[in-house]
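Student: Quick one: the structure is below, and I'll ask about it shortly.
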C-alpha cells in the first residue's frame, strides 16, 4: 500500500560506501505513482459487478374499474396462473431497473429508482456506479416525471427522450455495470449503430418490390421485432422469446416515417405492409421513381441492397424566399434551403436567380463562386418594398428550383408610369404663405398629395410611395419645376429681397434661423463672454454670515458677473457643494448694490415643497439682514395677498406647485412691484418645456433668471435646452432646430447611406460629427453654466462607499413575479413599437413589476403570506447600524412600501421618522430627526430626495432603483455633503433576477450623459426608449 500522498516522500538515503547503491529518487517517485494506479484498479475490481442494470420486456396492463390497484405492467411471455384475470394491452415496453448481485444471482434487493440515491453505503455501491444510476434515473424523470399508476420499480427506456442515454450505456461498460436480462437464459446486447429505411428490389416482371429494411451493425434484423427508443434508438426483441434483447442507437434521428415503419399509433397498417413488402408494378415504376421517391427520401434512406433497381440521384434542395408583408409598407425577405438529409448538395443560389435581380450588397462578402451561401435577410420599407414586390417577385414566379412563400396580405402595389401633370397656382393675396400655395400633381388620373411630395423632393428622394400602394418616379422631367421650387425653399439662407417673398409667408425669419448653420450671437451675450471667462473680482457681501470656500467665492463672482450684465445662467455644482449659500451671496450682493431711494424689488425663489422650509432657514442663517417671506398658500386661500408679501421683501420663497396654481398672481406682481430676479432651485423640476411649471416660469417678467440644480441633464439634452430657454432665451436655436443640430447627432444613430457604394466610413464620420457638435454645444453653453464636482473642489469631504446588495426572492415570491412578468411582457412588447402613444400603459406595467420585486402585497394584499426578502435584508442591516450607534436614511419611491417597512421597524422596536409627499409638518419632521435620537429616517425619493441637509445620518439605504442615476445621487447627497464628518455608507438593495437588475444596467448607461455635456466623457442616449423597454423585459 503506498504512503499517504499528502505526506512528502523522504529523500533517498545515500548509498553505503561498501553496500549496494540505494535506488535513485526518480525510481521511487515513479514506482509510487504506479502503486497508486494499481491500488485504484484493485479497488475497482473489488466492486465491479456489484450492481447491474436489468432490462426486461414488459407488457402494459392498464388499470380498470375492477382492478384499480397493483402493477401496471408484467413480464412479457411469462406463464400465467389459471386464475390470473389480468388482461394485457398487447403493448410492450422495454423496462429497466437497478439490481444487486446476490448469492442466487441478480435481485432487486430493495433498490428502487426513488430510494437508490440514498442507499449508497447500505448497498456498498462504488461511487462511480452509484453516480451513474442516479444520473440515469434523473435524466429519465426530467423528460417524464412520475405519473400516477406508474410502476415505481421500473422506468421505460422507450420514453427516454435524451440521446445521452447511449453515452451512459457506453459508460456502464467501463464502470463495471453490466446490462442483464430477466430470468434464465436472458441476454442483453448493446450494438453500435442501427439503420432503418426502405429497400428497393427489382422483380422478374420489371416491377419494384419495396420493403422496410433494418440493419444493426450492418446485419439485417427483422423490422417487426424493432421498437423505438425516443427518436434516437431502437430495441429489438422477438416477443415469442422476449428475454433476448438488442439495443442500438440510430444513425440519424427517427422521423415520423421511421416511426410509421416501426408501427407507431396509426402506422400499423403501413408497417405491416412494408414489413412484408409492397410491389410497384412495372407500369408504375416510372411514376414511383419520378414522383414518390423524392418525397420518401425526405424522411427515409432508400437504397437497393442487391443493386437491382437503378435509383436516380437525389434532387438538390429548393431555394425558398419567404416574403413577409408587415403593416406600414414593410417587406421582410428571408432566404433558406428547403431540403432534407437525403438531398443533394445545395447549388450556388446565384445560378438559380435571374442575373442582377439582387444587389451585390445583399450577398455575403466572403461568399466564393459556387458557394451555397444565401443572401442576407433584408427589410425593405415604403417605396423600396413596393418596387421589389412589383418588379422582382414576378421574375421569380415559376423559376425552376426556386419557391416564393408569402406571409401576410400583399398590398396592391402598382407603378404610376404616366406623365405627371403639375399645376402650381399663386393665391391673389400675399397673406398666403408657402404651404397655402395651390399645388396639384396628377399621374394616371391619381392626384398626388402635395405634403408627402414636398417632403420627398426636399429630401432628394427618387421615388414616392402613396398610401394606396401606388408609387411614382420623381426623376420625371415634368417634376423639375416643382423640384426647383423646393430647392428654392431649401436655400433660404441665401434669401434676397429680389425674391419678393412676403414676410407674411411661412414665418420666414424663424425658418431662416432654423435652416442657418450658424446664428448671430445677440449683442448682450457678446459683451459677457470675456467677463464670464474671468469674472472681475467682487468682494464678498458684508451681510453674508458664512465663510465661503474658494470655489464658492469663484461661483459667487460668476453669478455677480451674470447679474451685472442682466443675463441668467445655470449653477450646476455637484450636490452638496453649497449652491444655496452661493445663491444667497448673490442676493445679498444685489441688495447691497441697490441705490439709495430705489424701490426694493424681491427675488422670487421657487423650490420643491419639501425644500421651501430649508431655503427660509438657510436664508435666516447666512443672510439675516435680508427680509425673507414664505408663500404657504395660493393667493385666494392665504390670509395675505402675494403682492403684500412681496412688498418690502428681499426674498419671496414659494413652491413649484403654488407657482403653477397661482401663475397669474406671480405675473401680476412682476408687472406691478417687479421681481428683481427668479431663482429656480432644483430646476430639474421644470426640465419639460411643455409642462405648466415651465410655462409659468417662462411667462414671468424678470430681468434675471438663475437655475440651480445638481442635475441639469438627467435623460436628454432637451432638458438642458428647456433650462437655458428660461435662463438665457435665444442662446440656443428653437427646440426643433436644437434637436436636428445637437440632440440627434449627439444622442442618436446616424441616418443616410450606411452600406454599399458611397457609404464611406459611416462609424468614423458619425463619431466625427458627434464630437464636433458636442464641442460646439459646450462652447455655446460654457459662459452660462457653471459646474464643479466634489472630486475637484471638496477633496476634504469624507469618503463615500457604495455597495449593491443582491437580494434573492423567496421561491413563492419568485413564482408570483415570474407569472406576472410573462403576462406584462406579452402586453408591453405588443405596445412598445408605438411607445409615444402607449407610454402610460407601458410605464404602468413596468411600475407593477418594480413594485412586485419589492413585496407582492403592494399589488395584491391577498399575497400577505409570501415572505418579503428585501424587508428582511433591510432589517438585518438596520439592526447592525443601530447597534453600532449610526443613523440611516431609507429611501423608496413607493410610499406604500415605506409603510410596510415602517410596520417592520415598529415591530422590531426601532424608532424612526417618516417623510413623504403627504406629510404636512415637514419642517418639524426634519428638525425632529436632525435634533432627535431616532436612528432611522424613512423618506420617499420625491419628497426627501432633494434640497435637504441630513448630515446627521451616515448610512443611506436605497430600496428600489430609479430609471436615471441622478435622482438616486441626489438622495445620497442628503447625507454626503458639506458638513458631513463621517464616512458615508450607501447600500442599494436589488432584487436578483428581476426588473431591478435591468434598471441598474440602464442607470449605468444613463450616468454618462451628464459627463458628456457637462463633465466631459462618453455619452448615452435619450430618455427611456422602446429598445430599453425591451431590455427591461428581456
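Numbering (the working numbering), first residue to last: 878 to 1911. Glycine included, each C-beta is placed from N, C-alpha and C at the ideal position. No experiment lies behind these values; they were computed from the predicted model shown.
#1: Among all the DSSP beta bridges, which residues are the ones paired with residue 1178?
#2: Which residue's Cα is closest to the Cα of residue 1843: 1194, 1243, 1086 and 1451?
#3: Does the Cβ-Cβ distance between residue 1821 and residue 1487 come in under 8 Å?
#4: My understanding is that residue 1429 touches residue 1464, with C-beta atoms under 8 Å, so please give their C-beta distance in whole angstroms.
#5: Taking buried to mean at least 16 other C-beta atoms within 10 Å of its own C-beta, is residue 1582 buried or exposed?
#6: Can you find the residues in the same chain that come closer than 6 Å, C-beta to C-beta, to residue 1361, ignoring five residues on each side of it along the sequence?
#7: If the criterion is Cβ atoms closer than 8 Å, does the pair residue 1482 and residue 1530 meet it?
#8: Please return the same chain residues whose Cβ sits closer than 6 Å to the Cβ of residue 986, not counting the five positions on each side in sequence.
#9: What does DSSP give as the partner residues of residue 1319 in its beta bridges?
#10: So, using beta-carbon positions, are residue 1192 and residue 1225 closer together than 8 Å?
#11: Using the Cα positions of residue 1676 and residue 1687, report the straight-line distance between them to the nearest angstrom.
#12: Report the three-state DSSP secondary structure of residue 1677 (helix, strand or coil).
#13: Where does residue 1854 land, buried or exposed, given buried means 16+ other C-beta within 10 angstroms?
#14: In the DSSP assignment, find the beta strand (DSSP E) that holds residue 1215 and state where it starts and stops.
#15: Taking the beta strand (DSSP E) that residue 1832 falls in, what are its first and last residues?
#16: Quick check on the burial criterion: 16 or more other C-beta atoms within 10 angstroms. Buried or exposed for residue 1667?
#17: Rounded to the nearest angstrom, how far is the Cβ of residue 1162 from that of residue 1083, given a contact under 8 Å?
#18: Run through DSSP, which three-state label would residue 1186 get?
#19: Given that a residue counts as buried once 16 or more other Cβ atoms are within 10 Å of its Cβ, and exposed if not, what is residue 1237?
#20: Is the beta carbon of residue 1620 sitting closer than 8 Å to the one on residue 1585?
#21: Drop a sphere of 10 angstroms on the beta-carbon of residue 1926, count the other beta-carbons inside from all chains shown, and report buried for 16 or more, exposed for fewer.
#22: Identify every run of the beta strand (DSSP E) within the region 1055 to 1115, keeping only runs that are complete inside it and at least 3 residues long; order them along the chain.
#23: For residue 1424, which of 1462, 1436 and 1497 has the nearest alpha-carbon?
#24: Would you mind stating whether residue 1093 and residue 929 have Cβ atoms separated by less than 8 Å?
#25: Taking the alpha carbon of residue 969 as the point to measure from, which residue in 982, 1016, 949 and 1017 has its own alpha carbon closest?
#26: Kindly indicate the opening and closing residues of the beta strand (DSSP E) around residue 1035.
#27: Looking at the structure shown, is residue 1257 part of a helix, part of a strand, or coil, going by DSSP?
#28: Which residue from 1119, 1324 and 1343 puts its Cα closest to that of residue 1205?
#29: If you scan the region 1457 to 1521 from start to end, which runs of the beta strand (DSSP E) of 3 or more residues do you find wholly inside it?
#30: Under 8 Å Cβ to Cβ from residue 1678, same chain only, skipping five residues before and after it: list those, please.
#31: Indicate the three-state DSSP secondary structure (helix, strand or coil) for residue 1665 in the structure shown.
#32: Are the beta-carbon atoms of residue 1273 and residue 1198 separated by less than 8 Å?
#33: Residue 1010 and residue 993 look like a contact to me (Cβ under 8 Å); what is the Cβ gap, rounded to whole Å?
#34: Is the distance from the Cβ of residue 1127 to the Cβ of residue 1071 below 8 Å?
#35: By Cβ distance, which residues of its chain are closer than 7 Å to residue 1535, with the 5 residues on each side in sequence left out?
#36: Using a Cβ-Cβ cutoff of less than 6 Å, which residues in the same chain neighbour residue 1527 once the five nearest sequence positions on both sides are dropped?
Tutor: In terms of the structure at hand:
#1: Taking the chain shown and counting its residues from 1, the one referred to as residue 1178 is at position 301. Partner residues in the beta bridge of residue 1178, as assigned by DSSP, are 1074.
#2: Taking the first residue of the chain shown as 1, we reach residue 1843 at position 966. Ranked by Cα distance from residue 1843, the options 1194, 1243, 1086 and 1451 are led by 1451.
#3: Taking the first residue of the chain shown as 1, we reach residue 1821 at position 944. Taking the first residue of the chain shown as 1, we reach residue 1487 at position 610. With a cutoff of 8 Å on beta-carbon distance, residue 1821 and residue 1487 are scored as near each other.
#4: One-based indexing of the chain shown puts residue 1429 at position 552. One-based indexing of the chain shown puts residue 1464 at position 587. For residue 1429 against residue 1464, the beta-carbon gap comes to about 14 Å, at or over 8 Å, which does not count as contact.
#5: One-based indexing of the chain shown puts residue 1582 at position 705. Residue 1582 comes out buried.
#6: Here residue 1361 corresponds to residue number 484 of the chain shown, with the count starting at 1. At residue 1361 the pLDDT is 47, less than 50, meaning the model places this residue with poor confidence; the figure from the coordinates comes in the next sentence. Nothing listed; no residue qualifies.
#7: Counting from 1 along the chain shown, the entry for residue 1482 is found at position 605. Counting from 1 along the chain shown, the entry for residue 1530 is found at position 653. Yes, the Cβ-Cβ distance between residue 1482 and residue 1530 is below 8 Å.
#8: Position 109 of the chain shown holds residue 986. Spatial neighbours of residue 986 in its own chain (CB-CB distance under 6 Å, excluding positions within 5 residues in sequence) are listed in chain order as 977.
#9: Taking the chain shown and counting its residues from 1, the one referred to as residue 1319 is at position 442. In DSSP, residue 1319 forms a bridge with 1298 and 1324.
#10: Stepping through the chain shown from its first residue, residue 1192 is reached at position 315. Stepping through the chain shown from its first residue, residue 1225 is reached at position 348. Not in contact: residue 1192 and residue 1225 (Cβ atoms no closer than 8 Å).
#11: Against the chain shown, residue 1676 aligns to sequence position 799. Against the chain shown, residue 1687 aligns to sequence position 810. Spanning the two alpha carbons is a distance of roughly 35 Å.
#12: The residue you call residue 1677 lines up with position 800 of the chain shown. Residue 1677 falls in the strand class under three-state DSSP.
#13: Here the question's residue 1854 lines up with position 977 in the chain shown. That one is buried.
#14: If you number the chain shown from 1, residue 1215 lands on position 338. Where residue 1215 is concerned, the enclosing beta strand (DSSP E) stretches over 1207 to 1215.
#15: As a working note, residue 1832 is residue 955 in the chain shown. Per DSSP, the unbroken beta strand (DSSP E) holding residue 1832 starts and ends at 1832 to 1835.
#16: Walking along the chain shown from the start, residue 1667 turns up at place 790. Residue 1667 should be labelled buried.
#17: Position 285 of the chain shown, counted from the start, is the residue given in the question as residue 1162. Position 206 of the chain shown, counted from the start, is the residue given in the question as residue 1083. Contact flag correct, Cβ pair sits at about 7 Å.
#18: Residue mapping note: residue 1186 aligns to position 309 of the chain shown, counting from 1. Of the three classes helix, strand and coil, the one that applies to residue 1186 here is coil, per DSSP.
#19: As a working mapping, residue 1237 is identified with position 360 in the chain shown. Classification for residue 1237: exposed.
#20: Indexing the chain shown from 1 puts residue 1620 at position 743. Indexing the chain shown from 1 puts residue 1585 at position 708. Taking 8 Å as the Cβ cut-off, residue 1620 and residue 1585 do not qualify as a contacting pair.
#21: Only positions 878 to 1911 of the chain appear in the structure, and residue 1926 is not among them; the question remains open.
#22: Contiguous beta strand (DSSP E) elements confined to the region 1055 to 1115 occur at 1064 to 1067, 1071 to 1079, 1085 to 1093, 1096 to 1098, 1103 to 1106 and 1110 to 1113, taking only those with 3 or more residues.
#23: Your numbering for residue 1424 matches position 547 in the chain shown. Comparing Cα positions, the closest option is 1462.
#24: Numbered from 1 along the chain shown, position 216 holds the residue referred to as residue 1093. Numbered from 1 along the chain shown, position 52 holds the residue referred to as residue 929. No, these two residues do not count as a Cβ contact at 8 Å.
#25: Start at 1 with the first residue of the chain shown, and residue 969 comes out as number 92. Taking each of 982, 1016, 949 and 1017 in turn and checking the Cα distance to residue 969, the smallest one comes out for 949.
#26: The count along the chain shown starts at 1 and reaches residue 1035 at position 158. Taken as a continuous stretch (DSSP letters only), residue 1035 belongs to no beta strand (DSSP E), as it is neither H nor E.
#27: As a position in the chain shown, residue 1257 is number 380, starting the count at 1. Strand.
#28: Locating residue 1205 in the chain shown gives position 328, counting from the first residue. Closest option to residue 1205, Cα to Cα, is 1343.
#29: 1480 to 1484 and 1505 to 1507
#30: For the purposes of this step, residue 1678 is identified with residue 801 of the chain shown, where counting begins at 1. So the list reads 1860, 1861, 1862 and 1863, once near-sequence residues are dropped.
#31: Taking the chain shown and counting its residues from 1, the one referred to as residue 1665 is at position 788. DSSP places residue 1665 in coil when its eight states are reduced to three.
#32: Numbered from its first residue, the chain shown carries residue 1273 at position 396. Numbered from its first residue, the chain shown carries residue 1198 at position 321. Yes; because the gap between Cβ atoms is below 8 Å, this pair is in contact.
#33: For the purposes of this step, residue 1010 is taken as residue 133 along the chain shown, with counting starting at 1. For the purposes of this step, residue 993 is taken as residue 116 along the chain shown, with counting starting at 1. Correct: roughly 6 Å between the Cβ atoms.
#34: Counting from one through the chain shown, the residue named residue 1127 turns up at place 250. Counting from one through the chain shown, the residue named residue 1071 turns up at place 194. Taking 8 Å as the Cβ cut-off, residue 1127 and residue 1071 qualify as a contacting pair.
#35: Within the chain shown, numbered from 1, the residue matching residue 1535 stands at position 658. Excluding residues up to 5 positions away in sequence, 1508 and 1511 lie with their Cβ nearer than 7 Å to the Cβ of residue 1535 in the same chain.
#36: The residue you call residue 1527 lines up with position 650 of the chain shown. Closer than 6 Å at Cβ, skipping near neighbours: 1468, 1479, 1503 and 1504.
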